[in-house]
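Each residue of the sequence shown is one higher than the one before, starting from 1 at the first, in the UniProt record's numbering.
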Amino acid sequence: MSKIPSSTSQWVLESSTGSSDLTLKQDIPLPPIGRHDVLVKIHAVALNSRDNQILHNTYLWGSTPGVVPLSDGAGLVIAVGEAVTRFTTGSRVAATFHRGWLSGKLSSIAQVSQIGAHSDGLLRQYIVFHEDELVAIPSNCSFVQASTLPCAALTAWNALFCGSVSLKPGDVVLAQGSGGVSLFTIQFSKAAGATVIATTGQLGGERERYLRQLGATTVLSYKDADWGKKVKAATGGRGVDFIVEVSGAADQCAAALRLGGQIAVVGGVGGPGGSVFDMRNILGELRRVVVGSREQFEDMNRAIEANDIQPVIDETVWAFEQAKEAFEYAQSGKTMGKVVIRLEDYERH
Ligand SMILES: NC(=O)c1ccc[n+]([C@@H]2O[C@H](COP(=O)([O-])OP(=O)(O)OC[C@H]3O[C@@H](n4cnc5c(N)ncnc54)[C@H](OP(=O)(O)O)[C@@H]3O)[C@@H](O)[C@H]2O)c1
1 MSKIPSSTSQ
11 WVLESSTGSS
21 DLTLKQDIPL
31 PPIGRHDVLV
41 KIHAVALNSR
51 DNQILHNTYL
61 WGSTPGVVPL
71 SDGAGLVIAV
81 GEAVTRFTTG
91 SRVAATFHRG
101 WLSGKLSSIA
111 QVSQIGAHSD
121 GLLRQYIVFH
131 EDELVAIPSN
141 CSFVQASTLP
151 CAALTAWNAL
161 FCGSVSLKPG
171 DVVLAQGSGG
181 VSLFTIQFSK
191 AAGATVIATT
201 GQLGGERERY
211 LRQLGATTVL
221 SYKDADWGKK
231 VKAATGGRGV
241 DFIVEVSGAA
251 DQCAAALRLG
261 GQIAVVGGVG
271 GPGGSVFDMR
281 NILGELRRVV
291 VGSREQFEDM
301 NRAIEANDIQ
311 PVIDETVWAF
321 EQAKEAFEYA
331 QSGKTMGKVV
341 IRLEDYERH
């Protein structure tokens, strides 16, 4: 049994003006492992759109200066406190995005307890968590794959399966663009027996081919002025049952939705010019989705295992020392799949 580390290397975000604000710190002491705590060796971490928003001070929920970035990662439990019951040494785990949101509705306290924004995140070698803040990762996923699940995947899962009505076989889902949330939306929808219509800004190339390979039966361009109508036409005029809305395209969504369909309002990758939802135009349900609870995370992981869903990873996986480059690459528009940093073999040198 190797020695339990007493310190960690970690990246911190001193302020929020860009990747030059990221600093690698060494020999940061780890807190003692309390009775209900576990010590995790991080093997891989993944970036979300949100992490670059934090880096550039445009994140809706703000962040704490000096925070260790990134909510998403997966690792190995290497020590446990004497009262821990959920995990043992050797468990493969990921952390929940909101500290303390175990089940039910999101509380206002949990909402401002996001790791990687308000409390320290996973861009570090080791971290101590309360056992309640972790879930077991799916057995069919590597650490690299599982590192992508806490935010993007869980948001897609929540959007499709946790509203007043759940997705069912035969439903039609609209996924927008080929970002992290949308790729998981396609994969979960296909696993549930639904049909997927996808959009992309790069129609006719590698990206469209990839979206089709993943399961989209129709791929349209969100650069078309009336793509919402085209989506509806692609359903024979009925409209889609579910929209996982990541872009800020309210008018187009209203045009694409079927009577009684559901729009999960998730994000705004389309930029500040996005339109605002006018309920008078929506003959269905509008629902704000904010990641998900630990219970939803565990439900999702069972589905990932049962359906052998393989998260899509970008072909370039970065080293721990390359965190700045990884942040820049993640917002380059060149990615296809989740951007991951691998730390498994990182040793301080
Ligand atoms: N509410 C929540 O809990 C929650 C959770 C996760 C994410 N979010 C938000 O959801 C959004 C997506 O996050 P993400 O991590 O999936 O982003 P991401 O991976 O950074 O998404 C990048 C992709 O967005 C697509 N895109 C760009 N402009 C678009 C437009 N006008 N319409 C449709 N797609 C467009 C592009 O697809 P193509 O290359 O194919 O054109 C691009 O590849 C972000 O705004 C994020 O902050 C919210």
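All residues carry an ideal CB built from backbone N, CA and C; glycine is no exception.
- In the three-state reduction of the DSSP assignment, GLY228 falls in the helix class.
- Taking 8 angstroms as the cut-off, the C-beta of ASN48 counts as close to a heavy atom of ligand 1.
- ILE243 sits in a strand when the DSSP states are folded into three classes.
- In the DSSP assignment, LEU211 falls within the alpha helix (DSSP H) that extends over 206-214.
- Pairing GLY170 with LYS223, the inter-Cα distance amounts to about 27 angstroms.
- With a contact defined as Cβ atoms closer than 8 angstroms, LEU55 and SER19 qualify at about 6 angstroms.
- Look at ALA117: its beta carbon is at least 8 angstroms from all of the heavy atoms in ligand 1.
- Looking at PRO138, ILE313, THR155 and ALA303, the one whose alpha-carbon comes closest to that of ARG287 is THR155.
- A Cβ-Cβ distance of about 4 angstroms is found for the pair LEU122 and GLY73, placing them in contact under the 8 angstroms criterion.
- Segment contact: the stretch 7-22 against the stretch 98-114, fewer than three CB-CB distances shorter than 8 angstroms; contact not assigned.
- In this structure ILE4 is exposed. Its beta-carbon is surrounded by fewer than 16 other beta-carbon atoms within 10 angstroms.
- DSSP places LYS190 in the uninterrupted alpha helix (DSSP H) bounded by 180-191.
- Residue range 195-200 is occupied by the beta strand (DSSP E) that includes VAL196.
- By the CB criterion at 9 angstroms, LEU211 and THR200 fall inside the cutoff.
- Of the residues assessed, LEU283 falls on the exposed side of the cut-off, its CB having fewer than 16 other CB atoms within 10 angstroms.
- When C-beta atoms of the stretch 311-318 are compared with those of the stretch 130-147, three or more pairs fall below 8 angstroms, so the two segments count as touching.
- Taking one beta carbon from each stretch, the stretch 99-107 and the stretch 301-313 have fewer than 3 pairs nearer than 8 angstroms; the two do not touch.
- HIS36 has its alpha-carbon roughly 15 angstroms from the corresponding atom of ALA95.
- For SER275, same chain residues with a beta-carbon under 6 angstroms away, outside a window of 5 residues either side, are ALA250 and ASP251 in chain order.
- Between the stretch 321-332 and the stretch 133-142, the count of Cβ pairs shorter than 8 angstroms is below three; the stretches do not touch.
- Counting the other Cβ atoms within 10 Å of the Cβ of MET300 gives 16 or more, which makes it buried.
- If you look at TYR329, you'll find it in the alpha helix (DSSP H) that goes 323-330.
- DSSP lists SER7 as the bridge partner or partners of PRO29.
- Considering only ASP21, ILE78 and SER91, the residue with the shortest C-alpha distance to ASN57 is ASP21.
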